[in-house]
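Following the UniProt record's numbering, the numbering of the sequence shown begins with 1 at its first residue and continues without gaps.
All residues carry an ideal CB built from backbone N, CA and C; glycine is no exception.
Remember, predicted model here, so these are calculated numbers, not experimental data.
Taking it in order: structure first as structure tokens, then the write-up.
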Amino acid sequence: MTTSSPAWGILAPGGIAGAFARDLAVGGHRIAAVGSRDQGRADAFAATHDIPKAHGSYEALVADPDVDIVYIASPHSHHREHALLAIEAGKHLLVEKAFTTTGDDAQAVVDAARAKGVFVMEAMWTRFLPTMVAVRERIAAGELGELVSVTADHSQMLDLSPGSRMIEPSLGGGALLDLGVYCVSLAHALLGPVTRVQAAGVVDAAGVDHRGAAMLTHERGGMSTVTFSMETLGSNRATIAGTQGAIELDPAFYTWTGFTRRHASLEKEAFVPEMQGRGMQFQAAEVERCVAAGELESAVMPLDETVAIMRVMDEITAQMRG
1 MTTSSPAWGI LAPGGIAGAF ARDLAVGGHR IAAVGSRDQG RADAFAATHD
51 IPKAHGSYEA LVADPDVDIV YIASPHSHHR EHALLAIEAG KHLLVEKAFT
101 TTGDDAQAVV DAARAKGVFV MEAMWTRFLP TMVAVRERIA AGELGELVSV
151 TADHSQMLDL SPGSRMIEPS LGGGALLDLG VYCVSLAHAL LGPVTRVQAA
201 GVVDAAGVDH RGAAMLTHER GGMSTVTFSM ETLGSNRATI AGTQGAIELD
251 PAFYTWTGFT RRHASLEKEA FVPEMQGRGM QFQAAEVERC VAAGELESAV
301 MPLDETVAIM RVMDEITAQM RG
């Protein structure tokens with residue numbers, strides 16, 4: 001590992017990788033290399049983001065001695081394969097959400113990372129935003145009382161034209177893995193493990209879900225309702241309710257956004273963040289902090305929770321497909 005601040009390698013230079021690279025620059029993080037299956041794409045990405053090295057294969061990227069942490073930005077359908085490649089090379093990992101396409105694949109990655117002794121975290125960046133830090137502080141202070149429910153919607157009109165990744169089953173297409181994961185992760189983080197799933201959705205002939213909804217019962221007695229769609233617009237809001245008050249997250253709830261806290265006493269608080277970048281730099285800072293401390297996972301996004309969330313989504317998918 002390098003003696004200065006750790007250096008990142010970006011695997012798969014797509015759109016989300018570009019957003020991450022820009023936020024790494026905002027946060028003052030170092031990128032050592034980018035890897036693509038196409039040398040030309042790697043070169044173009046490196047030139048755009050001022051990255052020193054561009055590799056024409058993922059194997060070359062994970063073998064690069066100047067790379068300490070690999071950010072995996074390929075389609076979820078390939079996350080297991082690419083994560084295992086990087087783990088075998090001894091690299092620490094940040095794996096874009098959804099972590100994999102199934103709970104079994106997620107567990108396989110976690111098991112490999114633990115066996116190798118490398119850090120791995122799901123890139124659920126919203127958990128590390130100042131917005132969610134403030135939400136957790138209000139909850140921990142007891143300002144909402146006992147949490148009882150979470151409602152969340154993530155709905156966008158995405159590109160569903162022929163050839164789009166979003167409708168391609170072999171690339172992990174579907175609304176749940178791309179959009180609904182934010183809702184399920186929020187509910188799981190705040191209300192705890194899920195004990196019952198009731199779900200329905202609209203699935204095309206190829207088995208790809210276009211929209212859906214689920215009601216989740218949680219171990220501590222709370223309930224959550226999540227809705228998601230890639231073919232309609234939605235509120236993109238979330239509400240966290242307790243016995244003494246509620247927090248209403250402004251749209252889009254999973255971004256660096258504001259919220260209103262309402263208390264049973266009629267007291268209100270408006271939280272308005274001062275934003276810089278998209279906000280993906282905060283998850284990078286958590287990865288670097290954990291690696292420097294010798295921690296193999298983050299307490300904010302634990303590996304067992306990532307697997308549990310994937311298994312909840314397995315069940316939602318099974319019920320949507322009937």
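6 Å Cβ shell around residue i - same chain, five flanking residues per side excluded
i: Thr151; result: Thr225, Thr239
i: Ser229; result: Ser155, Ala175, Arg211
i: Glu295; result: none
i: Ala46; result: Val34, Ala54
i: Gly192; result: His218, Glu219, Arg220
i: Ile167; result: Leu160, Gly173, Val208
Proximal residues to residue i (C-beta, below 7 Å), its chain only, five neighbours per side dropped
i: Gly277; result: Arg22, Asp23, Val26
i: Lys97; result: Glu122, Ala123, Met124, Val181
i: His82; result: Leu11, Tyr58, Ile72, Ser74
i: Ala205; result: none
i: Gly174; result: Val208, Asp209
i: Ala246; result: Leu144, Thr239, Ile240, Arg262
i: residue 330; result: For the chain, the structure presents residues 1 to 322; residue 330 sits outside this window and is missing.
i: Gly242; result: Leu144, Gly145, Glu146, Leu147, Val148
i: Asp105; result: Arg80
Assigned exposure category for residue i - 16 Cβ within 10 Å defines buried
i: Ala141; result: exposed
i: Ala318; result: exposed
i: Gln281; result: buried
i: Glu146; result: exposed
i: Leu85; result: buried
i: Thr232; result: exposed
i: Gln283; result: buried
i: Ala264; result: exposed
i: Gly15; result: exposed
i: Pro13; result: buried
i: Ser170; result: exposed
i: Asp153; result: buried
i: residue 334; result: Because the chain here runs from 1 to 322, residue 334 falls outside it and cannot be looked at.
i: Gly103; result: buried
i: Leu266; result: exposed
i: Ala293; result: exposed
i: Arg127; result: buried
i: Gly163; result: exposed
i: Arg138; result: buried
i: Asp304; result: exposed
i: Gly279; result: buried
i: Gly322; result: exposed
8 Å CB neighbourhood of residue i in its chain, flanking five on each side removed
i: Ile87; result: Leu93, Val109, Ala112, Ala113, Lys116, Val118, Val120
i: Thr3; result: With a pLDDT of only 44 at Thr3, under the threshold of 50, the placement of this residue in the model should not be trusted, and no figure is reported.
i: residue 323; result: This structure cannot speak to residue 323, because the chain is shown only from 1 to 322.
i: Ala213; result: Ala199, Ala200, Gly201, Thr225, Val226, Thr227, Phe228
i: Asp43; result: Ala54
C-alpha distance - residue i paired with residue j, whole-angstrom precision
i: Val203; j: Ala187; result: 23 Å
i: Thr195; j: Arg80; result: 26 Å
i: Pro65; j: Thr48; result: 23 Å
i: Met1; j: Asp50; result: Here Met1 scores only 39 on pLDDT, less than 50, and its place in the model is too uncertain to base an answer on.
i: Gly221; j: Val148; result: 7 Å
i: Gly56; j: Ala32; result: 14 Å
i: Arg37; j: Ser77; result: 16 Å
i: Pro6; j: Gly28; result: 11 Å
i: Met132; j: Glu286; result: 14 Å
i: Asp178; j: Gly40; result: 27 Å
i: Arg311; j: Lys268; result: 37 Å
i: Thr217; j: Val197; result: 7 Å
i: Ala270; j: Ala134; result: 11 Å
i: Met223; j: Glu288; result: 34 Å
i: Phe259; j: Glu315; result: 31 Å
i: Val307; j: Val291; result: 21 Å
i: Pro52; j: Met275; result: 28 Å
i: Arg30; j: Phe20; result: 12 Å
i: Ala189; j: Arg136; result: 10 Å
i: Val184; j: Ala60; result: 35 Å
Any chain C beta carbon closer than 8 Å to residue i
i: Asp153; result: Absent from the structure is chain C; it holds one protein chain and no more.
Subject >> Three-pair Cβ contact test at 8 Å for the segment 149–165 versus the segment 291–310 >> reply: no
Subject >> Start-end ranges of the beta strand (DSSP E) lying completely within the segment 104–153, minimum 3 residues >> reply: 120–123
**OP:** Could you pull out every unbroken beta strand (DSSP E) segment of at least 3 residues lying fully inside the segment 5–32, listed in chain order?
**Re:** 7–11
Subject >> Length-filtered (4 minimum) alpha helix (DSSP H) runs lying within the segment 70–108 >> reply: Note on the segment 70–108: whole alpha helix (DSSP H) runs with a minimum of 4 residues are 79–88, in chain order.
Subject >> Ranges of the beta strand (DSSP E) found wholly within the UniProt domain "GFO/IDH/MocA-like oxidoreductase" (133–248), counting only runs of at least 3 >> reply: 147–155, 194–203, 209–218, 223–229, 238–242, all fully within the UniProt domain "GFO/IDH/MocA-like oxidoreductase" (133–248).
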